[in-house]
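Per the numbering used here, the very first residue in the sequence shown carries number 282; after that it's consecutive. Below is one structure; the comments refer to it alone.
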Amino acid sequence: YLRITLTRFTTAYFIVAFIHAILLAGFQLGSHSSNRTADAILSRLMKAAEVRSDLIPVISNDGGRDVLRLCDGIPSSSNDDRCETIFVPTPAEGPSRTAINDVTSAFTTLLLSRFNAVASPTLQEAQQQTDL
282 YLRITLTRFT
292 TAYFIVAFIH
302 AILLAGFQLG
312 SHSSNRTADA
322 ILSRLMKAAE
332 VRSDLIPVIS
342 NDGGRDVLRL
352 CDGIPSSSND
362 DRCETIFVPT
372 PAEGPSRTAI
382 NDVTSAFTTL
392 LLSRFNAVAS
402 PTLQEAQQQT
412 DL
């Protein structure tokens, strides 16, 4: 039994698999730490901007354009009454990656404008913490 299971190949495989598992666990811990930091910063930002946390941001394709809407629940259609349209790109942009970046930028700008109106000092603290 030992001749079959304990060879240099099985030993090498075990060592490589063990090192691989340790590396993946390290990556997961790093990712988790980064996500917790981002969550803390964004939670403070949304609280200071008085944005309701129960709203769901939805990007949908409306006539070839990526439209950003905030919804009170999961929308059943593109014309759901529970949703408020936040950003609609110009028709020339189309469903490109640029349009998605513009939608993300518009949402971020909306949050930051509300945030700056409410608590500008909190933003400076958040930026100082991310610089550390």
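Virtual Cβ for every residue (Gly too), placed ideally from N, Cα, C. Computed from a prediction, not measured in an experiment: that's the story for all the values here.
For residue i, the residue or residues it bridges with in DSSP
i      : result
Asp320 : BP columns for Asp320 are empty, so no partner.
Ser341 : Val348
With 16 other Cβ atoms within 10 Å as the buried cut-off, status of residue i
i      : result
Asp347 : buried
Leu349 : buried
Phe368 : buried
Glu338 : The amino acid occupying residue 338 in the given sequence is Pro; Glu does not appear at that position. Under this definition Pro338 is an exposed residue.
Ala329 : buried
Residue i, enclosing beta strand (DSSP E) - first and last residue
i      : result
Glu365 : 364 to 368
8 Å Cβ cutoff met for residue i and residue j
i      : j      : result
Asp343 : Cys352 : no
Quiz item: Counting pairs of beta carbons, one from the stretch 296 to 315 and one from the stretch 324 to 331, are three or more of them closer than 8 Å?
Solution: no
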